[in-house]
Amino acid sequence: TPLYVVNHGETGPIRCNRCKAYMCPFMQFIEGGRRYQCGFCNCVNDVPPFFFQHLDHIGRRVDHYERPELSLGSYEYIATLDYCRNNKPPKPPAYIFMIDVSYRNINSGLVKLICEELKTLLDKLPREEQEESSSIQVGFVTYNKVLHFFNVKSSLAQPQMMVVSDVGEVFVPLLDGFLVNFQESRSVVINLLDQIPEMFADTNESETIFAPVIQAGMEALKAAECAGKLFIFHSSLPTAEAPGKLRNRDDKKLLNTDKEKTLFQPQVNSYESLARDCVANGCCVNLFLFPNQYVDIASMGLVTLYTGGTLYKYNNFQLDADSPRFLSDLRKDIEKKTGFDAIMRVRTSTGFRATDFFGAIYMNNTTDVEMAAVDCDKAVTVEFKHDDKLNEDTGALIQCAVLYTSISGQRRLRIHNIGLNCSSQLADVYKSCETDALINFFAKSAFKAILSQPLKMVREMLMNQTAHMLACYRKNCASPSAVSQLVLPDAMKVLPVYMNCLSKSCVLVGRPEIPTDERAYHRQLVTSMGVADTQLFFYPQLLPVVSM
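Just so you know, we're using full-length UniProt numbering here: the sequence shown kicks off at 1 and counts up by one.
Right under this line is the structure:
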């Protein structure tokens, strides 16, 4: 169900003068409705004249249920120009399709499959409910050792190709005609998609580039002054002479040593700086990989992870067997609603604060969570820590605000508010504990820790934390029992099983038969998962095949 949208015009959202929290149900109106007390920092603020309303006999505004920001936990604000880049309204986002046309992809039929599917999918680009057609613009690039940009301007009879062979200093050879509205340039785009497989049918080029491809897509979005997504279809280790060139470093001798963590770190620093630039320019990277050998996902997938994108992997891709899964993934990704150029901030009431964030995100500082794009399949896990005593009467309040650009190019603020009960009784904490949320948090924190700590130490840390939680319950909450008896809180009975699954996962336990890329892929997959997904991932369902 779409959220209610609040529009205060040029005035913009009402915020606390001290902590900058947005107007929400936790604000207490006083002095006949002329002022309000912030529920997060207790600061007393004046109510703007246009927002004034009288209070009823219980001190609640008479328009309480007419205003989503006063009566609902989640809602959206239309943002003013103050919330936009350079104080200018954003343009609708763009999707750029970047296809690896090296020998293997042409020979396997993958390029033809992609081009045929795009003819159908471009009619299904996401749009706002009130729009007749999508506002999203599209562009096309093919590449092997060089980049090919295509001009698909509606006034052309045939698409035009421009080649960029200097991949060390990538530039966009055209602006007008590269990003177009599909409905307006339909015939030229369809012509191009028909021609691409034939254009490269006789290629013998097997070497590919990768970092310059992302750089080119980002520069195109930057030049067009819009956010967007890159859909990159790639199949091999980028070994051509260019920035971001990678070598095969899959060394099984590193397994179960202190240097094993290097297998999860990017091979070259250029990918991290590229990811940072992509986030700064609202460029999300979705990577579809079709490897038949090692491709160094720890390096290539870094930009995808930091920009809020999704990594899809199809090992030893076979057209007949794997096409349905790949096309289903591609359709879902293109059609789903997405927010672009997003920044998230979490505010809390006094006594505790957000200290760490886990997900497909990038952080320049300790408070702002940056995402080039965010969609319904991504989740950010937040760790909170106590600064002071929490008040049992007022509870703990959390407000999550996400500033983003919608698919129609409108700058919006999505606000989520939640109030949690506090208790001074440890037994109450264990009674209402959420095990599925715990496994999500521990998995993400462990998978982050392996970048800097030996895997053996990370596994031991998980076991120690589990033992400490359960020992604390036995000591302070459980009735006396034999030392040999295992005592578990009702809400955490499956926690040891879950933690055992996590500690034995392929990411944390290296074995020679498990490809390094598979481990890096699973690590990236889990990092952006929600609670329901991690629960199934680490403790999958068993289905009786014989009775199906």
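Just so you know, even glycine gets a beta-carbon here, dropped at the ideal spot from N, CA and C.
Query: Can you pull the DSSP bridge partners for Leu397?; Result: Gly419
Query: So Leu495 and Leu438 are supposed to be a Cβ contact under 8 angstroms. How far apart are they, rounded?; Result: 6 angstroms
Query: Might you give, ordered along the chain, the residues of its own chain that have their beta carbon closer than 6 angstroms to the beta carbon of Tyr312, omitting 5 neighbours on each side?; Result: Phe288 and Asp329
Query: Please tell me whether Lys385 and Thr355 are closer than 7 angstroms, where the distance is taken between their beta carbons.; Result: yes
Query: Taking Thr142 as part of the beta strand (DSSP E), name the residues at either end of that continuous run.; Result: Gln137 to Tyr143
Query: DSSP on His522, reduced to helix/strand/coil?; Result: helix
Query: Just to confirm my understanding: we take Leu255, look at its own chain, exclude 5 residues before and 5 after, and list those with CB closer than 6 angstroms. What are they?; Result: Gly510
Query: Would you tell me roughly how many angstroms separate the C-alpha atoms of Cys115 and Val531, rounded to the nearest one?; Result: 35 angstroms
Query: In or out: Asp490 buried (at least 16 other Cβ within 10 Å) or exposed?; Result: exposed
Query: Can you find at least 3 beta carbon pairs, one from the segment 92 to 99 and one from the segment 137 to 154, that sit closer than 8 angstroms?; Result: yes
Query: Three-state secondary structure (DSSP) at Cys501?; Result: helix
Query: Expressed to the nearest angstrom, what Euclidean distance is found between the alpha-carbon atoms of Lys456 and Lys431?; Result: 32 angstroms
Query: Measuring CB to CB, does Phe357 end up less than 7 angstroms from Val374?; Result: no
Query: If we ignore side chains and look at the alpha-carbon of each, how far apart do Tyr306 and Gly228 end up?; Result: 15 angstroms
Query: Shortest alpha-carbon distance to Glu128 belongs to which of Pro2, Leu174 and Asp251?; Result: Pro2
Query: Buried or exposed: which applies to Ile58, given that a residue is buried once 16 or more other Cβ atoms fall within 10 Å of its Cβ?; Result: exposed
Query: Between the C-alpha atoms of Val146 and Asp166, what's the straight-line distance to the nearest angstrom?; Result: 7 angstroms
Query: Grab me the residues of Leu70's own chain with a C-beta within less than 7 angstroms of its C-beta, minus the 5 sequence neighbours each way, in chain order.; Result: Pro25, Arg61 and His64
Query: Touching or not, the segment 199 to 212 and the segment 258 to 265, by the rule of three or more beta carbon pairs under 8 angstroms?; Result: no
Query: Report the option in Leu525, Leu488, Val487 and Lys493 whose CA atom is closest to the CA atom of Ser505.; Result: Leu525
Query: Between Leu237 and Tyr294, which are expected to be in contact by the criterion C-beta below 8 angstroms, what is the C-beta distance as a whole number of angstroms?; Result: 7 angstroms
Query: Which residue from Leu230, Leu175 and Val6 puts its Cα closest to that of Ala223?; Result: Leu175
Query: Between Ser484 and Leu274, what straight-line distance do the alpha-carbon atoms span, to the nearest angstrom?; Result: 55 angstroms
Query: If I'm right that Asn144 touches Thr239 with Cβ under 8 angstroms, what's the distance once you round it to whole angstroms?; Result: Actually they are not in contact, since the Cβ atoms of Asn144 and Thr239 sit about 12 angstroms apart, beyond 8 angstroms.
Query: Could you give the DSSP three-state label for His468: helix, strand or coil?; Result: helix
Query: Roughly how many angstroms separate the alpha carbons of Gln265 and Ser299, rounded to a whole number?; Result: 7 angstroms
Query: Does any residue of chain D bring its CB to less than 7 angstroms from the CB of Thr366?; Result: Absence of chain D from the displayed structure is noted, only one protein chain being present.
Query: Return the CA-CA distance between Asn151 and Gln160, expressed in angstroms with no decimal places.; Result: 5 angstroms
Query: Looking only at its own chain, which residues have a Cβ that is under 8 angstroms from the Cβ of Cys278, when we skip the five neighbours before and after it?; Result: Ile214, Met218, Cys284, Val285, Val303, Tyr306, Thr307 and Ala372
Query: Which residues bound the alpha helix (DSSP H) around Ala227?; Result: Unbroken run through Ala227: none, as it is neither H nor E.
Query: Look up Asn107 in the DSSP assignment and say whether it is helix, strand or coil.; Result: helix
Query: Which residues does DSSP pair with Leu403 in a beta bridge?; Result: Ile343 and Leu413
Query: Between the segment 183 to 197 and the segment 44 to 58, are three or more C-beta pairs nearer than 8 angstroms?; Result: no
Query: Can you tell me whether Gln265 sits near the ligand GTP, meaning its C-beta is under 6 angstroms from at least one heavy atom of the ligand?; Result: The ligand GTP is absent from the structure shown, which contains no ligand whatsoever.
Query: Who does Leu55 pair with in a DSSP beta bridge?; Result: Arg61
Query: Quick check on DSSP: helix, strand or coil for Gln293?; Result: coil
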